[in-house]
Each structure stands twice: as structure tokens, then as C-alpha cells.
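S.K.:
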Amino acid sequence: METENVEEEIDGSIHSIHVRNFFCHDNLEIKFNRNVNFIVGRNGSGKSAILTALVVGLGARASATDRGSNLHSFIKKGTNSATVEIKLRNSSPRAFKHDIYGDFITIVRTLNASGGSSYKVKSASGEVISTKFDEVKTIILAYDIQVDNPISVLNQDTVRTFHTCDAKKKYELFRQATNLEQTEKNYKHALENCTKAVGIWNRKNEAVQELKKEYLKWKNIHDQMQFRDEIEAKKKALQDEYYWSEIAESEHEMNNIHTHCEKQRLQVQQLMDDLKSVEQSYGTNTSAIDSLKQTLEECTQKKLTLEQELQELENNFRTEQSSQRSAQHTGHKLNDLLAREKRKFDDLEREIHNIESGSCASQRIELEARAEKCQSAETAARARYETQKNDTGQSRSSAAHAQPKADRADERVRAQRSRLVQLKQQLRELESQGDDSLAVYGGNMVELCQLVKAAVARGEFSAPPRGPVGIYLKVKDKKWGGALEHIIKGSLKTFCVNTPEDSRKLFEIMRKIRYGREAKPGVTCSKFLSQVHNVSRRSVRAGSFTSALDALDVKDPVVANYLIDNKSLEKILLVPDHEDAMRLSDTRENVPENCVKIVTLDSTEYRPAPNYRCYGGADRQPVYLQTSTAQRKAQLQANIKEAEQTLRSYEADAKELNEEASRARDIERKAAQALQALLVDLRKKEEEARQAVAALNQQQAPHHAVLVDELKICKEKVHSLSEQVKSHSGQEQELNERVNDIEGKIRNLRKKRDKVAVQCRNLRDELEQEQIKMEGGVLKRQRYEHRLDEDQKKLQKMEAILEEKRGVVDKKVQEALTLCPRVENPRERAVVTSDLKETQMKLSSLTSSGMDRAQVAEKFLQVGRSYKRTQDALQRLNALIQDIKTTSNKHLEFCHKVQTYIARRVQYHFQVILSLRNYSGKMTIDLASGRLYMECKSVQQSEKQHATSTASLSGGERSYATVAFMLALWDCVELPFYIMDEFDVFMDDIYRKTTIELLLEHARINKNRQFVFLTPQDTSSVTAGPNVTLHVMANPRD
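Residue numbers for the sequence shown follow this note's numbering, so the first one is 364 and each next one is one higher.
(1) What are the boundary residues of the alpha helix (DSSP H) that includes methionine 945?
(2) Any idea if arginine 821 is buried or exposed, counting beta-carbon neighbours within 10 angstroms, 16 or more meaning buried?
(3) Between the alpha carbons of glycine 1284 and leucine 1277, how many angstroms are there, rounded?
(4) Tell me the residue span of the beta strand (DSSP E) that contains asparagine 396.
(5) Once DSSP output is grouped into helix, strand and coil, what is the label at alanine 1120?
(6) Check each candidate in Glu1153, Leu536, Lys1080, Asp511 and name the one with the smallest Cα separation from phenylalanine 1328.
(7) In whole angstroms, what separates the C-alpha of isoleucine 1003 from that of lysine 787?
(8) Identify the residues that DSSP records as bridge partners of asparagine 400: which are they?
(9) Hey, out of Pro1339, Ala1397, Ser493, whose CA is closest to asparagine 1369's CA?
(10) Isoleucine 377 and phenylalanine 395 look like a contact to me (Cβ under 8 Å); what is the Cβ gap, rounded to whole Å?
(11) Just tell me which of Met1396, Asp865, Leu673, Gln1008 has its CA closest to the CA of aspartate 1117.
(12) Thinking asparagine 512 and alanine 540 are a contact (beta carbons under 8 Å), I'd like their distance in whole angstroms, please.
(13) Count the other CB atoms, across all protein chains shown, that sit within 10 Å of the CB of serine 1305; report buried if there are 16 or more and exposed otherwise.
(14) Check alanine 1310 in the structure and name its three-state DSSP category.
(15) Just mark valine 1195 as buried or exposed, buried being the case when its beta carbon has 16 or more other beta carbons within 10 Å.
(16) With DSSP as the reference, label asparagine 1281 as helix, strand or coil.
(17) For glutamine 1373, count neighbouring C-beta atoms within 10 Å of its own C-beta (all shown protein chains included) and say buried if the count is 16 or more, exposed if not.
(18) Out of curiosity, what's the CA-to-CA distance linking asparagine 406 and aspartate 466?
(19) Measuring CB to CB, does methionine 1161 end up less than 7 Å from glutamine 627?
(20) Once you ignore the five residues that flank alanine 530 on each side, which residues in its own chain have a CB closer than 6 Å to its CB?
(21) Does DSSP classify alanine 1064 as helix, strand or coil?
(22) I'd like the span of the beta strand (DSSP E) that includes lysine 856, first residue to last.
(23) Quick one: Cα of phenylalanine 496 to Cα of phenylalanine 1257, how far?
(24) Quick check: the Cα distance between arginine 812 and lysine 841, rounded to an integer number of angstroms?
(25) Which residue or residues does DSSP assign as beta-bridge partners of arginine 467?
(26) Per DSSP, threonine 887 forms a beta bridge with which residues?
(27) Quick one: grab the DSSP three-state call for lysine 918.
(28) Give a yes or no on contact between the region 1042-1054 and the region 742-752, applying the rule of three or more CB pairs nearer than 8 Å.
(29) Residues in the same chain with beta-carbon distance under 7 Å from valine 1071, minus the five sequence neighbours each way, listed in chain order, please.
(30) Compute the beta-carbon to beta-carbon distance between leucine 1084 and glutamate 704, rounded to the nearest angstrom, for a pair I have assumed lies under 8 Å.
(31) Pick from Gly375, Arg733, Asp1334: whose alpha carbon is nearest that of lysine 450?
(32) Going by the beta-carbon positions, is the gap between glutamine 738 and alanine 1037 smaller than 7 Å?
(33) Using DSSP with H/G/I as helix, E/B as strand and the rest coil, what is glutamate 490?
(34) For tyrosine 1230 and leucine 629, which I take to be in contact (beta-carbon distance under 8 Å), what is that distance rounded to the nearest angstrom?
(35) May I have the straight-line CA-CA distance separating glutamate 1364 from valine 1375, to the nearest angstrom?
(36) How big is the Cα-Cα spacing for proline 1051 and glutamine 1039?
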């Protein structure tokens, strides 16, 4: 570890936390040590609730705690609100607004049952300085408090799943811990802002181009009034130039045709020369091919002969080899019998010697030592079995945790696939209806409207029904289409009828249509009026913001009255921006008169005070309002494409989660197999121990005479077997020599065959090359002949066109000379025509403008100033965009260097921390593929054994590796405080003691940092002191 840092007081550490009605705590206050704090308590005592309170109290959302999805779930049952009060130190020379807050800053967050919350920021004296969340964010940013950073607040779920997660998730944790991920997001956000600025620049540039056209227009008018005579002369010169430009273009075309003719003539001559060369190069001589074929046939015959000889030798070799294996098997069997009899002979001699020398006592000592050794082996086997049993339970828990995630991912894939099928079905139905505008409401709506029209024509309704309502609505501002559809919702498909009888008739028509799972349109009955209700007194007004009713163009008074009576659109205010919506709804004084709801562009709803509520929405494209059939098809196609991309993403996630679950099951299965093997070994050790004890208890004096008789018999067997082995060895040697001789002949014959095969292959390749060469010459000659024929025909056509063009040009020159003298080097006719039109327009503007020279000069000066101001602003914006791009690129380059430096530093500290526990290893951070691998091994293991991944270690070793990884990150990322929850849950007593000593040593070196450790385990090895405080939670059952 590094030497002790110079102690420097750092603001932002936690002085105390006080919670009321939070989870299981009625009223709990804990004062924290500046350095080390242990919060100890059984499961259910509320340790993790304190951690959750710290995270929520410092501004985090409920989802960031992994304890609930909303704030009201943290409130203790039976109460209406909860309070979290956190006091932070603020006494260093770099303290935050020390003149205002003093030595301490207290942040109080109150949670209410509706899911909302409020803040109070107090000074050291208890004075409320602010009630805004922005002030809380400023304080957290000034202290560099990162409650969403896993190395600052490491919850128990992350600890439990860290060592089983894959390398990609470990790398994500590393980037999140070192804030590299947030840095990358900031860089992308800067690029997005730059892209928006470029869009603004493009729009402004289009406006500048319009101003430029206006400026040039008035400049031309101004100049034309000063040079009228010059313009008239220029017009006459342009007319003359136009005559001769046409002739010049014709002459240019004639010259081009002549040039092409010459090129074509040269090309024809070149083809004739090439054809002659090909005929000389490739003839009909095939003697080389015939020679190669004959040589190849001879070589092939030689190869077949060698293969037949080789096959005969291989058959003999297999026969002799079979006899050799049989002889070897018999020899091994005789040797085993001889060795067994020799061992028996030696044992009998030793037993007889022991009896004659009186060594029974020493045998009993040996049996006692053996019994003790077997019992020790049984104890060690039992310990290994218990350790593996713990690891198996942990693997089973990981597998049980991974499978539900995979099941949820599969369910999400099925739901997305079902949605994709529905979208494709909607697109098919829409395409089948053609261009009918009602098709966007579904095929059933088209059929229903046709039946209703027929019934109206027959006079079955008192008044024609109005429906669907959406067909009568037009949006004045297209950007509000999605929000207005959100407000009106299902009423877009509703029908309005005049009388109850009309309603019954409409329902009878609906019953003729098969809707299936699709919902039937709604029907509302109300007397049709010819005038729209006067809502001027009860309509909402708020400056430039309009009501939902005013945002629609409703021509039919029946539909307008329906929207007023049933949807109260005149009381719904449309506000584009969230800040303006919150300002107009959070306090009763700011709420506009008659306002019942405020809706933003992304369909977010704000209910005004005193019952202030906010319901989040999502930006959506209009489906029915102001949407044609073609637009709806395009929307469905885009939705299908997006749904397919989402489905692929979901499938990839599901595949990854299923693979992870499979890996977890494999680990569980391997752990169970290892547990079973250890159980078998344990039973074996137990049996050996029982046998050793039984041998010790049943020791009796051997019989000397019996042993002597057995020794004589054994000696005779040894002599007989030795003779048999000697005789068999000679036979086996003879077989080995025959096998080796045949094997040598086979090798030599194979070499000859392979050599001949190579010759055959080379001859075959050479023959193919000659044939390809001959065939290529024939094809080449045919190709040249075909091209020559085509080019000769083309040359004839071009010469005819040239003669025709020459006659036309001579005729035009004679006609032009009668009108004006020849103009040398005239410009292109399109350019002359453009100048002539422009000159004519200048003359026309002079005669039709109706303005004198002073008015034109004043207008020209005014337009010029406007153009200059806009152009200057555009240049400044472009310079700003370039500065942003340059700065972003420099920042990205610097971040890459910082990322490499942090990765190397974390790897170094990880190795150092592992060495403290007699482990060595390494951490590999692959920045390119985004993966992080950790490997470790015991120093006491064999040097030949490779380092293993953390998945192959025991539960305690993996937890220790996790702690080593976190300490390495702590050494590289400095924060005011670090919190770890249940870091030792999978450790045995030895690993727990070692890990706690390691954490305390790290805390001693970093006295200016604050550490909080939550554990349900025994902490009797930790001694409280000035820098260490133990907080023991009450037993949840007391």
C-alpha cells in the first residue's frame, strides 16, 4: 500500500443523519465518525434503510436505490410523510459559502404520501437558507458527492452479483465509478448542441440568401437607373452575340464529331493490327497438349501400381501389428503376475522377520499412526465439503436470480413481436383501402361510414350523424397534433347523433360489422345546434398561450359543441415549455383563470394548484389529426422499422440474459458435481478411518509356520513366472522386428507414391494452363472480330453525321452575316441568354418600378444595412460553432489519455492489494471491446499453474477480490465518503477478519476521507477508538 497521505480536511463528509417515519424507523439519529463507521445489525434491523435515506436525502431518485420505484414506498406504514435530515461538514478553507452556512450544512428532504417531496437547506445555526433543489445540486456538485457512483455507495445487490457478472458489466461498473461514462455523455451532449447550432446556422443562412437576393435586386435597379444607355447598348451587343454563339456551338459540335471520327478511325486501325497479332500468336498446333496428356497417363499408371503395392504392405502390417499387440498384452499380464508374486514374497519375508525379531509393538504403533492420519484426512475432507456446500448455495442463489431476468426479457420480446405483428396488420389494412381518408381510422370505419351514408340517403336519421369526430378537426399549428390527440384520445372515433332514436339506429348498423378485438366507436347523443356555444367567459387565457379549442379549426358546430361539453377544451391551456407550465401551475396566484389543466408539447399534463400534480407524457406523432393516408402509411412503416430495431435489441438482450442464466446454471451444476465428488471423498475417508481403527483393535499375533509354508509356495511361483516371461520376451522381440521392417518399407513406398502424385498434379495443372491458353486465344480472336465489325459500322454513321452537320453550319453562317458582322469568340448560348434576360428585366424594372432615383437609393441603403447586420451575425455564429468543435475534440483527446492513465493506476493498485493476502493476479481492461477481466492465484500454488478467473475461487476469495477491486478504485477516485453494504456476506471468519483489517488500514492511511461499512456479521475483531465508531442497530424482534 502507499504511504500515508498528508491529512487535509475535506468538506462534504457526513456529520449525522436523522430519519423520521422512514421504512422501519420511527425516529433514528446517527452521528458519524470523521473516519471509520461500522453499522452492525441483523437482517431487518434497518441498516440498508439508513443507506437508502442517505441516497434519497442527497437528491437521488427512488429508482437509484434498488429499494423502490417511487418515494411514497419509503414512508413507514400508517404515516403520511417521512423526513430525512443530513448534516454535512463545511469547515475547510475551501468551504462552500462559509459566510452564509457556517461549519455545517443541513439538507432536509420531506417525502409525502402523494409521491412528491420538498427540500430545505439550513445553515449551522438552523436558519433556512433555501428551499430549492437547485441549491442542493449546487452543494452536491461543490463537494463532489456522487451517490449514484457505485464506489461511493455500494449496495448489497451490487456486492452479491459482482463476481458472477460478465466482463462487459464489470467494465461498465469501472467506467461508471471513474465518471468516464458521464464524461462521454457530456461529450455527446456537446456534439448534439453543436449539431443544433449548425441547424440554426443553416436556417439563418437560407434567410441571408433571401436578403442577399433582395439586396442584389435593389443594387441592380440602382445601377440600371444610372447606366440606362449602357444597358441598351449591352442588349444590342448581346443579341448579336446570341446569333453567333448558336453558330459557335454548332461549329464546336461539328469539330467534336470530326475529332470523334478521327479517334474512331484510329481505333479501327488498332483493332485490325491487334487481330492480326492474335492470329499469329495462337494457331491450331496442339502437339504440346497431346504430349502432356501422354506423360500424364504414364505417370497416373505408375501411381496406381505403387498404390496397389502399398495396400498389400499395409494389409500385412495390420496383421503383424495385431499379433504384436496380442503378444504385448500377454507379456504385460505375465509381468503383472510376476510383480505381484514378488511383492507377496517380500511381504511374507518381512512378516516372518517381524515375528522372529519381536516387532509386534512397533506394528501397533504404525497402526495407531495410520488411524490418526486417516482421522485427520477425514476432518480435512469434511472441511472441504462444508466450504463447497457454501459455494454451491451461493451458485444456486445466483442462478435463481438470473433466470427471472431472462424470463422477463423473453416476455418483453414476445410482447414486442406481438406489437410488430399488429403494426404490420394495420399497414396491410390501410393499403387495402386505397386513398380513402377514413382508412387511417381502420378498415371497419370505412365500412361503417358507407353504411351510415346509405342510411342517411334512405332518410333513416333525423339528421346526418357526425363521425368520426377526428375527420372534422384540423390542427392550426402542426406541432400540437400529437398533444391534441392525447387530450381528445378515444373521442376521435366517436359519432355524434341528434336523438336517442338515431343512437339506436346507429348501434344497429354497428352490429352488422365484425370488429373482433377492435373496440367499437363511441356514440354520444345531444341535440344538434346550428351555433357554437359562447365560451368567451369561461375560456382560459394566459398571455401568448392558447387553449386547446383555439388550437383546432372546427367548421362543424355540432362537433365543436361536443368537444366543449364533453372535453372542456376551452379550459385546457397549451404551453410548449415545461418551465412555463410549472410556473403557471405550481402556485394558486400564478394559475390562469378558468384553467383546469395545462398540456405541453410532449403531452405532459400539469394540474394547477391547490391540487398541483404532474403526469409525465411522451412526445408522439399525430395519427389521425391532419394525417393523410400516405402520411399514415409512412408513419406505420417508420413505426414498423423502429419496432423491428427494438425487437432486435430486445432479442439481443434476451439472448445475453439467457446466456448469463445458462452460465449461472452451469456454474451451479459444476458446483453440485464438485460437492458430490467431495461427499464421495468424505465417505471414502470415513471408511478408511474405520478400517484403520478396526485393524488397530483386531491386531493379533501372526502364525509363523503358516507364513513359512506360504513363502515356499510363493518362491516356486516366482521362479516359474520368471521363466515364462523370459521365453515370451524373445517371441515379442521377433514380432517387433518384423513390424518395424514392414513399417520402413511402407514409409519408403509412400514417399515414392507421394512423389509420383506431385508429378501427376503438376502435369495436370500444366495441361489445364495450356488448354486455357488455347481457349483464351480463340475467344480473344472472336472478341476482336466482333469489336472491329461494330466500330467500322459506327465510323460510317459518324462520317455521315459529320457531312450533314457541316452543311447546316454553312447555311447558318450565311444567314447570320446578313444580320450583323461576325462576333469573335462568343460565349455559350445559355450564358448569353441568361445575360440577355437579365438585361431585359433591368430595362423592364426601370420602366415599371414607378420610383424616382432618390427613393431607389433610400431603399437600396436600407436593404444593404439589413443584409450586412445579418451576415455579420451569421459569421459570429459560425465562429462559435467552430470553437465548440475544436474544444470538444481537444476535450475528447484529453479524456482518452485520462482513461488510459486511470486504467493503469487501477490495475497497479489491484495487484498491490491482492499481494497483501498472498495472492497474485492481474486486471485486464480492454478499452477497445469494453470488457474488464480479473485474474488471481495463490502465491503458494505451483508456478506452473495459471492464474484463474474470480469465478473459479471460493465465495470468500471472490468477495475478497471484489473488495480489492473497490479499494483500487478508491485509491484512484477521491470522494468525500465511501459506503459499502454487506461486503462480507459470503466470507468466512478468516477472510472477514483479513478484509476488515485491510479496510481499516486503508482508512488509517486516508484519514481525511470518511468510510461507512454496513454488515450483519460479528465485528468483535474491530476495536472502537477516536477514528473508529461502531453503531449497533436494535434487534428487529425486540
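The C-beta atom is built at its ideal place from N, Cα and C for all residues, glycine as well. Owing to the predicted nature of the structure, the values given are computational and were not obtained by experimental measurement.
M.R.: The short version:
(1) 941-946
(2) So arginine 821 counts as exposed.
(3) 7 Å
(4) Element bounds for asparagine 396: n/a, residue is neither H nor E.
(5) If DSSP states are grouped into helix, strand and coil, alanine 1120 belongs with the helices.
(6) Leu536
(7) Distance between the alpha carbons of isoleucine 1003 and lysine 787 is about 7 Å.
(8) Val1375, Thr1392
(9) Pro1339
(10) Yes, isoleucine 377 and phenylalanine 395 are in contact; Cβ-Cβ is about 5 Å, under 8 Å.
(11) Leu673
(12) 6 Å
(13) Note that serine 1305 has pLDDT 38, beneath the 50 cutoff, so the model's placement of it is unreliable and the number below is only indicative. Result: exposed.
(14) For alanine 1310, the predicted model reports a pLDDT of 48, less than 50, meaning its position is unreliable and no value from the coordinates is stated.
(15) Looking at its Cβ environment, which holds 16 or more other Cβ atoms inside 10 Å, valine 1195 is buried.
(16) coil
(17) buried
(18) Straight-line Cα distance between these residues: approximately 36 Å.
(19) yes
(20) Cβ-Cβ distances below 6 Å link alanine 530 to Arg1294, Leu1295, Tyr1296 in the same chain, with the five nearest sequence neighbours on each side left out; the list follows chain order.
(21) Model confidence at alanine 1064 stands at a pLDDT of 44, short of 50, so the residue's coordinates are unreliable; what they give is reported in the following sentence. In the structure shown, alanine 1064 sits in coil (DSSP, three-state: anything other than H, G, I, E or B).
(22) From DSSP, lysine 856 is part of no beta strand (DSSP E); its letter is neither H nor E.
(23) 32 Å
(24) The amino acid occupying residue 812 in the given sequence is cysteine; arginine does not appear at that position. C-alpha separation (whole angstroms): 26 Å.
(25) Looking at the sequence shown, residue 467 is not arginine but phenylalanine. Answer is Arg452, bridged to phenylalanine 467.
(26) Cys859
(27) coil
(28) yes
(29) Ile715
(30) 6 Å
(31) Gly375
(32) no
(33) Here glutamate 490 carries a coil assignment [DSSP, helix/strand/coil].
(34) Not confirmed; about 56 Å, so no contact.
(35) C-alpha separation (whole angstroms): 14 Å.
(36) Checking the displayed sequence, the identity of residue 1051 turns out to be glutamate instead of proline. For glutamate 1051 and glutamine 1039, the distance between alpha carbons rounds to 18 Å.
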